[in-house]
Amino acid sequence: MRMRRKGQALLVFLLASVMLLVSLPVYADEIESLESKTSDLQNQLNDINQDLVRISDEIASTESAIEDANNEMFRIQDSLAISRENEIRQYEDMKTRIKYMYENGNNNLLELLFSAENMSDFLNRAEFIQNISSYDREKLENLQSIQKGIEQQEADLTAKQNSLADLQTQLKSQQDALNQKAAETSTDLAVFNQKLQMLRAERARVAEEAARRAAEAKKAAEAQKPVPVTPSENGTQTEDSTAPDDDSSQTGDESDSDSFLQDSLDTAYTPSDSGGALTPSKGVVYFNGHRETYYSQKVLPGGGLNIPGRHVAPDGTIRDADGFICVASSDLPWGSIVETSLGTGKVYDCGCASGTIDVYTDW
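Here's what the structure looks like:
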């Protein structure tokens, strides 16, 4: 009998230990996966931010070049305007001299030549007349050359301005795309960080709950002290007279042990119609003598859960191959059948509060 009582206590302790050993690796795998994803997203975000800094510098440099080009264009346009004014003025002066010569004929020039006192004076005066004509022609050609050069500079600078404007448009488009990508990556990173924090908190809670149950089981086992023995009259040791020692008492002890195992492994609730049903917007109901909530595989993927034939039912619940809704319970052993507000479920997970059934959904 003492051995059977110790066996009961040891079984309780082992069940609590199994809960701890089975639940924690599941959370560890999911946490490791989420940590890897958050690390990748953080690296992507860092790269995007570096690209944004580089493009911002290029935009600033391009804007500075555009400003310099605009200032240079103002200077060239002023020079071109002055050159055109000089050309017009030179042309008007030349027309005035030609008009004067036309109106007065060549008499004055001939008089200027023939009034020379000697051959040297004649040649000087002839050269003077020729220089006047050459000066007008050279001055006009020079002004025209300067004007063409300024016009070419203006055309080149206009092309440069257009190129810089196109570059600025491209850079701003890239900047907008990177800003959008950075915002999306930041949102994804925040979601994964939130999931990671929830999983870490849940793992800590499950570990604490499992440790508490293991401690209680161990304490209960230690409380099962052996029945004291006393010497009999013939010198042999016997169990306490209050302990039955016939076959019927042993049968009763075995029955108690069997009842304990039955209660531990096959516990199920009795169906009830009260409390309403869970919905995505109604996350807590009281049904069948328990508090009922749901947890979503979109937040807790549950990759380590051993659910044969796992699939999403039309009502959004996660079910196994037999059509049982997958639920979590810290009060019932794994594999227990329980009625929920959404139908019959089977326990595949633990970690929820005592008295609570957690329904696994895809909501």
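For the sequence shown, the working numbering gives the first residue as 2, with consecutive numbering after it. Note that the Cβ used here is the ideal one computed from N, Cα and C, for glycine as well.
Note on geometry: alpha-carbon atoms of K161 and N47 lie some 34 Å from one another. Close CB contacts of Q45 within its chain, under the 8 Å cut and outside five residues either way in sequence, are with T186 (chain order). Nearest Cα to T159 within the set E217, Q176, T170, E73: E73. Contact annotation, L200 with E31: C-beta distance approximately 6 Å; criterion of less than 8 Å satisfied. Inclusion of V328 and V348 in the CB contact set at 9 Å is warranted, their separation being smaller than that value.
Checking the DSSP bridge columns, you'll see K347 partnered with C327, I338. One thing to note: G310 has its Cβ within 9 Å of the Cβ of A322. A distance below 9 Å separates the beta carbons of T341 and F288. DSSP lists S297, T318 as the beta-bridge partner residues of T362. Residue environment for R320: buried (at least 16 other C-beta atoms within 10 angstroms of its C-beta).
For V207, the three-state secondary structure derived from DSSP is helix.
Distance check between I83 and each of Q145, S135, V286, E128 places Q145 closest, using alpha-carbon atoms only. The shortest CA-to-CA distance from A212 to any of T357, L172, S331, M120 is the one to S331. For V286, the enclosing beta strand (DSSP E) stretches over residues 286-288. Beyond the five residues adjoining it in sequence on each side, N307 comes within less than 8 Å, by CB distance, of Y349 in the same chain, given in chain order. Less than 9 Å separates the beta-carbon of Q169 from that of E64. Judged by their CB atoms, I60 and L172 are nearer to each other than the 9 Å cut-off. When C-alpha distances from R292 are compared across K299, V300, C353, the shortest belongs to C353.
Counting only the Cα atoms, K283 lies some 26 Å from G336.
For R214, the closest of L333, E152, Q176, S297 by C-alpha to C-alpha distance is L333. Collapsing the DSSP output to three states places R311 in coil.
Between V286 and L343, the alpha-carbon positions lie close to 11 Å from each other.
Less than 9 Å separates the beta-carbon of L42 from that of F193. Taking C-beta atoms under 8 Å as the contact rule, I77 and I151 qualify, at a distance of about 6 Å. The Cβ atoms of L35 and K196 lie closer than 9 Å to each other. P281 and S297 have their C-alpha atoms some 10 Å from each other. Looking at the backbone, the Cα of T294 and that of Q198 are separated by about 20 Å. Here K140 really is in contact with Q91; their C-beta atoms are around 5 Å apart, less than 8 Å. Under the criterion of beta carbons closer than 8 Å, W364 and G324 do not qualify as touching, at roughly 19 Å. Annotation: I338 to V207 spans about 21 Å, alpha carbon to alpha carbon.
Straight across, the Cα-Cα distance linking E142 with I133 is about 14 Å.
Nearest neighbour of N50 by Cα position, chosen from G346, A224, K182, turns out to be K182.
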